[in-house]
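Engineer:
Residue numbers (my numbering), protein chains in the order written: chain Y, 1 to 290; chain L, 1001 to 1368.
#1: Does the segment 74 to 82 of chain Y come into contact with the segment 240 to 259 of chain Y, if we say contact requires no fewer than three beta-carbon pairs (one atom in each stretch) closer than 8 Å?
#2: Note down, in chain order, each residue of its chain lying with its Cβ closer than 8 Å to the Cβ of residue 1305/L, except the 5 sequence neighbours on either side.
#3: Using only CA atoms, which one of 129/Y, 41/Y, 201/Y, 277/Y lies nearest to residue 221/Y?
#4: Please classify residue 1323/L: is it buried, with 16 or more other beta-carbons within 10 angstroms of its beta-carbon, or exposed?
#5: Please state the DSSP three-state secondary structure of residue 248/Y.
#6: For residue 151/Y, is the classification buried or exposed, using 16 other Cβ atoms within 10 angstroms of its Cβ as the cut-off for buried?
#7: Between the beta-carbon of residue 18/Y and the beta-carbon of residue 204/Y, is there less than 7 Å?
#8: State the start and end residues of the unbroken alpha helix (DSSP H) segment that holds residue 20/Y.
#9: At a CB-CB cut-off below 7 Å, which residues of chain L make contact with residue 28/Y?
#10: Using 8 Å for Cβ pairs, my map puts residue 66/Y next to residue 201/Y. What's the rounded Cβ distance?
#11: Following the continuous alpha helix (DSSP H) through residue 272/Y, name the residue where it begins and the one where it ends.
#12: Contact criterion: CB-CB distance below 7 Å. Does residue 276/Y meet it with respect to chain L?
#13: May I have a chain-ordered list of the alpha helix (DSSP H) segments no shorter than 4 residues that lie completely inside the segment 1116 to 1177 of chain L?
#14: Within 10 Å of its beta-carbon, does residue 1065/L have 16 or more other beta-carbons around it, so buried, or fewer, so exposed?
#15: One question on the structure: do residue 1029/L and residue 1054/L come within less than 7 Å of each other, judged by their Cβ atoms?
#16: Ends of the alpha helix (DSSP H) at residue 65/Y?
#17: Which residue spans inside the segment 1205 to 1272 of chain L form an unbroken alpha helix (DSSP H) run of at least 4?
#18: Quick one: which residues of the segment 1331 to 1342 of chain L get their C-beta closer than 7 Å to a C-beta of chain Y? List them in chain order.
#19: Counting Cβ pairs, one atom from each stretch, are 3 or more of them under 8 Å apart for the segment 207 to 214 of chain Y and the segment 120 to 129 of chain Y?
#20: For the segment 115 to 130 of chain Y, which residues have a beta carbon sitting closer than 9 Å to at least one beta carbon of chain L?
#21: So the candidates are 274/Y, 8/Y, 271/Y, 2/Y; which of them puts its Cα closest to the Cα of residue 139/Y?
#22: Mind checking whether the beta-carbon of residue 1148/L lies closer than 6 Å to any heavy atom of the ligand GDP?
#23: Could you check if residue 57/Y is buried or exposed, using at least 16 other CB atoms within 10 Å of its CB as the buried criterion?
#24: At the 7 Å Cβ level, is residue 68/Y part of the contact set with chain L, yes or no?
#25: Which residues, taken in chain order from the segment 1348 to 1368 of chain L, show a beta carbon closer than 7 Å to some beta carbon of chain Y?
#26: Mind reading off the beta-carbon distance from residue 1267/L to residue 1086/L? Whole number of angstroms is fine, and I expect it under 8 Å.
#27: Can you give, in chain order, each stretch of the beta strand (DSSP E) that sits fully within the segment 110 to 189 of chain Y and has at least 3 residues?
#28: Going by alpha carbons, who is nearest to residue 1275/L out of 1219/L, 1073/L, 1018/L?
#29: If contact means a Cβ-Cβ distance below 9 Å, which residues of the segment 1119 to 1140 of chain L contact chain Y?
#30: By the 10 Å Cβ neighbour count, where 16 or more other Cβ atoms means buried, how is residue 1182/L classified, buried or exposed?
#31: For a quick check, are the C-beta atoms of residue 1227/L and residue 1071/L less than 7 Å apart?
#32: Could you pull the DSSP bridge partners for residue 1347/L from this structure?
#33: Can you pull the DSSP bridge partners for residue 214/Y?
#34: Could you check whether residue 1343/L and residue 77/Y sit closer than 7 Å to each other, using their CB atoms as the reference points?
#35: Using a beta-carbon distance below 7 Å, is residue 1305/L in contact with chain Y?
#36: Note down, in chain order, all residues in the segment 1218 to 1229 of chain L with a beta-carbon under 8 Å from any beta-carbon belonging to chain Y.
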């Protein structure tokens, strides 16, 4: 096979691993609460700034920040669920959407206000190291990000499949009233789901900081990409999010390879998104969480 | 919704007084009295500007309300229709010298057709709720990216509309007062249209679709047709607002007028006042627009990011870093203050009064 094409495919699969982790968070929240989080990508942005400032100010390595980010963003998600999402759980769909749209607007502009619109990028010592896979040369940081992302997604899958809390979460996703009847604290499960979802997307953000630019508006394309991934993989399905993530990653990389300018690539992404939305709203994998 | 009883004499008097006030406002906006009571020494012209924006956004929120409110199809992409209206009339004017009034009609036709297309595709494939909202975002982003890359729209440079000669026919005025009356007239016209729709058979059909589309379908309403009608009308009216905006500001650029942020600004007015009500968007615009303008003036950020990053990476003592950062934030930070406030207001409205200010007030009045 053509070397350039191999290179493109491999980097697409790696990118897809990170997309999958973003989408896993989104699909977990949707699966359990039937709420589409329009602010999802903005937590990715927060995760990036978190790692960036820890590194610039205190010299903390991004992979150390990744460990610190998990409990922090889990707590943030927990609080947001309690304060903002819980009051509108029984409201009309449009109100639920608008709450998360408002949250997105707030977070983006908070970042703009605090950190200015300038693009930042984080340079790490090992940022330009490469490894060779299937004859394609890939950057270590991308490889590590992808591997950790896939591990985290798989870990979440087994958490949902095997542990009591995971089973309770799935029960809430499938039959809210039934879960309440057998004594599951549904409100608490919702907070856990939102916390886990936010922790996933923030982790993805931290992992991307060594190789991706950082700006207050970096989240929106990821929100949309995550929606594409979960729509493609089936809303509320974790394995679907993984497969969808890799698929979209490859499509994006091929687009980058074939299309001349980065903005045309963005147009391709949105067009693919529209097509998928129109043609396959039920997704590839049905709708089971785990 | 029909209110049943006739409005009281007091209410009628208040409406007449408000009408007289709004019609004569430009006459005394420049007077000593107004200058004296305006905060921060703002001029009468600034007051007129705020009112033009109130009317324009109320008009846009009314237009959005047909699709997003009455028909219950949450569009987050109305910036696309707004931009199509603005670019159509501006390009016709700049290249062919066509009067923007004619351009406004052309823009309405194009925006309406585009709305029909988006609606036809979305409703044919049964997109609803969050999926319809997502599709409209994607469409609006595609329109923005297209405008950024076409030669004819001058991309990120934007288009300037030079003031050639003051002429009503050419929609060009050196003064803000004509825009005041034009925007007020457009708002009154669209409100009359919506009042008429809301009290017609179509209005009741849309109400039924919003409440329960399957049930509406079951009793024989052609839901597809009425949703399409709402999408087309809503888009066309929004397009006309785009032309007004272009003529008023004399400058249009994709990252101002084709953003998701603009769509949210429009929706906010309708939600705050009360979506799917005839007067909600007007009330919402009167509440939000002055707040938004004040914030824009007070929190216009001028800071540069390089300084923030340099500041934190430098070896200066912590206290000095914090003081420097405080100065940066006090000067408006990196900007975004106004939109941050919008986000907070939107969240607050959704949680505290999801049906909006107008229904909220009506409910309070009914209580003993």
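Beta carbons: idealized from backbone N, C-alpha and C, even for Gly. The model shown is predicted, which means the values in this text are computed figures rather than measured ones.
Structural biologist: Inspection of the coordinates gives the following:
#1: no
#2: Only weak support is given to the placement of residue 1305/L: the predicted model assigns it a pLDDT of 49, under 50, and the value that follows is read from those uncertain coordinates. Closer than 8 Å at Cβ, skipping near neighbours: 1334.
#3: 41/Y
#4: exposed
#5: helix
#6: exposed
#7: yes
#8: 3 to 33
#9: Within 7 Å Cβ-Cβ: nothing; residue 28/Y doesn't reach chain L, min ~16 Å.
#10: No, residue 66/Y and residue 201/Y are not in contact; Cβ-Cβ is about 13 Å, not under 8 Å.
#11: 262 to 279
#12: no
#13: 1129 to 1149
#14: buried
#15: no
#16: 62 to 80
#17: 1213 to 1218, 1223 to 1249, 1254 to 1257
#18: 1333, 1334, 1335, 1336, 1337, 1339, 1340, 1342
#19: yes
#20: 115, 116, 117, 118, 119, 120
#21: 8/Y
#22: As far as ligands go, the structure on display features none, and thus does not contain the ligand GDP.
#23: exposed
#24: no
#25: 1350, 1351, 1354
#26: Their Cβ separation, rounded to whole angstroms, is 18 Å, which puts residue 1267/L and residue 1086/L out of contact at 8 Å.
#27: 130 to 133, 136 to 139
#28: 1073/L
#29: 1121, 1122, 1124, 1125, 1126, 1127, 1128, 1129, 1130, 1131, 1133, 1134, 1135, 1137, 1138, 1139
#30: buried
#31: yes
#32: Partner(s): none; residue 1347/L has no beta bridge.
#33: 120/Y
#34: no
#35: Model confidence at residue 1305/L stands at a pLDDT of 49, short of 50, so the residue's coordinates are unreliable; what they give is reported in the following sentence. Taking Cβ atoms only, chain Y reaches closer than 7 Å to residue 1305/L, which makes this a yes.
#36: none
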